[in-house]
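Terminal number for the sequence shown in numbering that gives the first Met the number 0: 213, no gaps in between.
Taking it in order: structure first as structure tokens, then the write-up.
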Amino acid sequence: MLIVPFAAIAWWRFGKPLSIGHVAWLAGFAGMLAIRIPHHSRNQKNAVEADAHDVSERVLLGAMWLASMVLPFLVIATPWFDAFDYRLPEIAVWIGVALLVPYLWLFWRSHADLGRNWSPGLEVRTEHELITRGVYARIRNPMYAAIWLGAFAQALLIQNWIGGFAVIPAFAAMWFIRVPREEAMMRERFGATWDAYVARSGRLAPPMGRRPAS
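Laid out in structure tokens, this is it:
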């Protein structure tokens, strides 16, 4: 997280004014860290049984790190990428602010429900459980749904192709490449139990017309 003190020094050096959107994004970023850091610190102690930390995984995580953390701070703090700004109607900023609420709530709830079963990379821990309660009862990937909300909020709050919008294609790549691999790991681990869960749940939203098994 060296980007944070660097951005603070750069912001002081350049004196770039903060917009409402920038302040809102910074607040959302702080909220995200407050949610994630305790889980990350605890779960680093997990015993890992299988993982897929290959080149593809590292590239996807690196792209998201740049698009969701490094580049937004550089756009907010420096004039280096000002040529890539775009302008949206004022209401877009307030829509972005509103999206932060379900984003942070769902991000928190999905971490809380997963508990020790969450990890930042593709891996299965020794005592891994299939969580089908809480927000996972009807949605298989609520954390990804939360990040989608956060990505769209970022594009509305930081109106810049480099530090704002770029997170959308970066996360789309993660969604379309990583999620099928993640679900394949779950199927290999949990077999028919996973298939039954898939049949009654949706990837990003509750399925229409289906109810959880009693």
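Note that the Cβ used here is the ideal one computed from N, Cα and C, for glycine as well.
Comparing C-alpha distances from Leu60 to each of Ala171, Gly201, Gly30 and Arg188 shows the shortest one belongs to Ala171. Taken in chain order, the complete alpha helix (DSSP H) segments of 4 or more residues contained in the region 67 to 133 are 70 to 76 and 89 to 113. The region 137 to 148 and the region 187 to 200 touch, with no fewer than 3 CB-CB distances between them shorter than 8 Å.
In the three-state reduction of the DSSP assignment, Gly14 falls in the coil class, being assigned neither a helical nor a strand state. The C-beta of Leu129 has fewer than 16 other C-beta atoms within 10 Å across all chains shown, which makes the residue exposed. With respect to the 7 Å criterion, Gly30 and Leu103 are classified as neighbours on the basis of their beta carbons.
Here Ile157 carries a coil assignment [DSSP, helix/strand/coil].
Assignment of Gly201 by DSSP, reduced to helix, strand and coil, places it in the strand class. Arg177 is the residue among Arg177, Ile167, Ala204 and Met185 whose C-alpha sits nearest the C-alpha of Asp53.
Relative to Arg115, the option among Leu148, Ile19 and His39 whose CA is nearest is His39. Rounded to whole angstroms, the Cβ separation of Ala6 and Leu73 is 7 Å, and the two are in contact under 8 Å. The beta-carbon distance between Leu98 and Ala152, rounded to whole angstroms, is 4 Å. This is short enough to meet the 8 Å contact definition. Taking the C-beta atoms as reference points, Pro71 is found nearer than 7 Å to Ile157.
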